[in-house]
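To keep things clear, I will list the structure first and then write my remarks on it.
Numbering (this note's numbering), first residue to last: 122 to 292.
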(Lines of atoms letter the chains of each structure in order from A and count residues from 1; the text may use other names and numbers.)
(Lines give C-alpha, C1' and ligand atoms only; values in the text may rest on other atoms or scores of the structure.)
Protein backbone atom coordinates (compact mmCIF):
# COMPACT_ATOMS: atom_id res chain seq x y z
CA UNK A 1 0.00 0.00 0.00
CA UNK A 2 2.85 2.34 0.87
CA UNK A 3 4.45 1.64 -2.52
CA UNK A 4 1.21 2.55 -4.37
CA UNK A 5 0.96 5.77 -2.38
CA UNK A 6 4.51 6.75 -3.45
CA UNK A 7 3.70 6.00 -7.10
CA UNK A 8 0.50 8.06 -6.89
CA UNK A 9 2.30 11.02 -5.29
CA UNK A 10 5.10 10.77 -7.88
CA UNK A 11 2.61 10.80 -10.77
CA UNK A 12 0.73 13.71 -9.22
CA UNK A 13 3.93 15.75 -8.81
CA UNK A 14 4.92 14.90 -12.40
CA UNK A 15 1.50 16.03 -13.71
CA UNK A 16 1.66 19.29 -11.75
CA UNK A 17 5.19 19.89 -13.04
CA UNK A 18 4.10 19.31 -16.66
CA UNK A 19 1.15 21.65 -16.20
CA UNK A 20 3.40 24.31 -14.68
CA UNK A 21 5.87 24.07 -17.56
CA UNK A 22 3.04 24.24 -20.10
CA UNK A 23 1.91 27.56 -18.61
CA UNK A 24 5.27 29.01 -19.63
CA UNK A 25 4.91 27.90 -23.26
CA UNK A 26 3.37 30.23 -25.86
CA UNK A 27 -0.37 30.00 -26.48
CA UNK A 28 -0.04 30.18 -30.24
CA UNK A 29 2.01 29.11 -33.23
CA UNK A 30 3.15 31.71 -35.74
CA UNK A 31 5.25 30.59 -38.70
CA UNK A 32 6.28 32.73 -41.65
CA UNK A 33 8.28 31.77 -44.73
CA UNK A 34 9.11 33.65 -47.90
CA UNK A 35 10.57 33.05 -51.34
CA UNK A 36 11.65 35.26 -54.24
CA UNK A 37 9.87 34.39 -57.47
CA UNK A 38 10.99 35.50 -60.90
CA UNK A 39 7.50 36.39 -62.15
CA UNK A 40 5.54 39.60 -62.29
CA UNK A 41 3.44 40.67 -59.33
CA UNK A 42 0.08 40.28 -61.09
CA UNK A 43 0.82 36.71 -62.21
CA UNK A 44 1.85 35.72 -58.67
CA UNK A 45 -1.25 37.30 -57.10
CA UNK A 46 -3.65 35.74 -59.58
CA UNK A 47 -2.10 32.27 -59.09
CA UNK A 48 -2.35 32.45 -55.30
CA UNK A 49 -5.85 33.96 -55.31
CA UNK A 50 -7.30 31.18 -57.50
CA UNK A 51 -7.82 27.85 -55.71
CA UNK A 52 -8.32 26.08 -59.03
CA UNK A 53 -4.60 26.65 -59.67
CA UNK A 54 -3.48 25.40 -56.26
CA UNK A 55 -3.51 21.80 -57.48
CA UNK A 56 -0.50 22.73 -59.63
CA UNK A 57 1.70 23.72 -56.69
CA UNK A 58 0.10 23.05 -53.27
CA UNK A 59 0.23 19.43 -52.02
CA UNK A 60 -2.91 19.88 -49.91
CA UNK A 61 -5.00 19.75 -53.11
CA UNK A 62 -3.01 17.11 -55.00
CA UNK A 63 -4.33 13.83 -53.57
CA UNK A 64 -5.74 11.88 -56.57
CA UNK A 65 -7.99 9.75 -54.32
CA UNK A 66 -9.91 12.75 -52.95
CA UNK A 67 -12.64 14.58 -54.85
CA UNK A 68 -12.28 18.31 -54.32
CA UNK A 69 -15.39 20.48 -54.71
CA UNK A 70 -14.47 23.95 -55.88
CA UNK A 71 -17.54 26.11 -55.31
CA UNK A 72 -15.77 29.30 -56.42
CA UNK A 73 -12.13 30.08 -57.23
CA UNK A 74 -11.90 31.28 -53.60
CA UNK A 75 -13.47 28.28 -51.84
CA UNK A 76 -12.78 24.55 -51.94
CA UNK A 77 -14.07 21.72 -49.77
CA UNK A 78 -13.52 17.97 -49.54
CA UNK A 79 -13.83 15.01 -47.23
CA UNK A 80 -10.61 13.55 -45.92
CA UNK A 81 -9.95 9.83 -45.98
CA UNK A 82 -11.35 9.52 -42.46
CA UNK A 83 -14.57 11.28 -43.52
CA UNK A 84 -13.93 14.68 -41.91
CA UNK A 85 -15.12 17.70 -43.90
CA UNK A 86 -12.29 20.11 -44.79
CA UNK A 87 -12.61 23.61 -46.24
CA UNK A 88 -10.30 26.35 -47.45
CA UNK A 89 -11.65 29.85 -48.05
CA UNK A 90 -9.67 32.77 -49.50
CA UNK A 91 -10.39 36.42 -48.95
CA UNK A 92 -8.62 39.35 -50.59
CA UNK A 93 -7.62 41.39 -47.52
CA UNK A 94 -5.72 44.01 -49.54
CA UNK A 95 -4.39 44.25 -53.11
CA UNK A 96 -1.18 42.49 -52.05
CA UNK A 97 -2.57 40.31 -49.28
CA UNK A 98 -4.74 37.19 -49.22
CA UNK A 99 -6.20 35.82 -46.01
CA UNK A 100 -6.98 32.09 -45.75
CA UNK A 101 -9.30 30.35 -43.31
CA UNK A 102 -8.96 26.61 -42.94
CA UNK A 103 -11.78 24.66 -41.33
CA UNK A 104 -11.95 21.03 -40.32
CA UNK A 105 -15.30 19.52 -39.40
CA UNK A 106 -16.85 23.00 -39.32
CA UNK A 107 -14.34 24.39 -36.80
CA UNK A 108 -11.65 26.88 -37.69
CA UNK A 109 -8.29 25.14 -37.38
CA UNK A 110 -6.01 28.07 -38.13
CA UNK A 111 -5.66 31.17 -40.23
CA UNK A 112 -3.08 31.72 -42.88
CA UNK A 113 -2.27 34.14 -45.61
CA UNK A 114 0.00 35.30 -48.39
CA UNK A 115 1.59 38.71 -48.84
CA UNK A 116 3.25 39.63 -52.11
CA UNK A 117 5.74 42.44 -52.57
CA UNK A 118 7.00 43.61 -55.94
CA UNK A 119 10.73 44.32 -56.19
CA UNK A 120 11.45 48.02 -56.69
CA UNK A 121 14.25 47.66 -59.26
CA UNK A 122 13.09 44.52 -61.08
CA UNK A 123 9.39 44.32 -61.95
CA UNK A 124 9.73 40.60 -62.72
CA UNK A 125 10.87 39.78 -59.18
CA UNK A 126 8.23 39.24 -56.50
CA UNK A 127 8.63 38.27 -52.86
CA UNK A 128 5.94 35.86 -51.63
CA UNK A 129 5.49 35.60 -47.89
CA UNK A 130 3.29 32.86 -46.43
CA UNK A 131 2.27 32.98 -42.79
CA UNK A 132 0.32 30.59 -40.57
CA UNK A 133 -1.14 31.48 -37.19
CA UNK A 134 -2.79 28.98 -34.85
CA UNK A 135 -4.18 29.63 -31.38
CA UNK A 136 -3.68 26.81 -28.91
CA UNK A 137 -5.91 25.87 -26.02
CA UNK A 138 -4.55 25.98 -22.47
CA UNK A 139 -4.31 22.19 -22.25
CA UNK A 140 -0.72 21.05 -21.58
CA UNK A 141 -0.77 18.57 -24.49
CA UNK A 142 -1.83 21.38 -26.84
CA UNK A 143 1.07 23.54 -25.70
CA UNK A 144 3.59 20.72 -26.16
CA UNK A 145 2.04 19.96 -29.56
CA UNK A 146 2.82 23.58 -30.46
CA UNK A 147 6.52 22.96 -29.94
CA UNK A 148 6.56 20.23 -32.58
CA UNK A 149 3.92 21.60 -34.96
CA UNK A 150 6.04 24.63 -35.73
CA UNK A 151 8.89 22.54 -37.12
CA UNK A 152 6.50 20.37 -39.19
CA UNK A 153 4.88 23.44 -40.70
CA UNK A 154 8.29 24.96 -41.37
CA UNK A 155 9.34 22.16 -43.74
CA UNK A 156 5.90 21.93 -45.37
CA UNK A 157 5.82 25.66 -46.06
CA UNK A 158 9.33 25.70 -47.54
CA UNK A 159 8.53 22.81 -49.89
CA UNK A 160 5.21 24.33 -50.94
CA UNK A 161 6.75 27.75 -51.60
CA UNK A 162 9.44 26.08 -53.69
CA UNK A 163 6.69 24.31 -55.68
CA UNK A 164 4.93 27.65 -56.19
CA UNK A 165 8.18 29.21 -57.37
CA UNK A 166 8.85 26.35 -59.80
CA UNK A 167 5.28 26.48 -61.12
CA UNK A 168 5.36 30.25 -61.70
CA UNK A 169 8.83 30.38 -63.21
CA UNK A 170 8.40 27.45 -65.59
CA UNK A 171 4.71 27.86 -66.45
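C-beta atoms are modelled at their ideal positions from N, C-alpha and C, and glycine is treated no differently.
- With respect to residue 271, residue 152 sits close: the two C-beta atoms are nearer than 8 angstroms.
- Annotated three-state conformation of residue 246 is coil, per DSSP.
- Going by C-alpha positions, residue 256 is about 6 angstroms away from residue 150.
- Beta-bridge partners of residue 267 (DSSP): none assigned.
- Taking C-beta separations shorter than 7 angstroms and ignoring five residues to either side along the sequence, the partners of residue 225 in its chain run 205 and 207, following chain order.
- Straight-line measurement puts the Cα of residue 292 at about 19 angstroms from the Cα of residue 243.
- Between residue 223 and residue 211 a beta carbon distance of about 10 angstroms is seen, past the 8 angstroms cut, so the two are scored as non-contacting.
- Between residue 267 and residue 252 the beta-carbon gap is near 16 angstroms, outside 8 angstroms, which marks them as no contact.
- For residue 236, the enclosing beta strand (DSSP E) covers residues 228-239.
- When the five nearest sequence neighbours on each side are left out, the beta carbons in the same chain lying within less than 7 angstroms of the beta carbon of residue 279 are those of 154, in order along the chain.
- With a 10 Å radius around the Cβ and a threshold of 16 neighbouring Cβ atoms, residue 209 comes out buried.
- Excluding five sequence positions before and after residue 281, the CB atoms of its chain that fall closer than 6 angstroms to its own CB belong to 179, given in chain order.
- CA-to-CA, the gap between residue 202 and residue 175 works out to about 20 angstroms.
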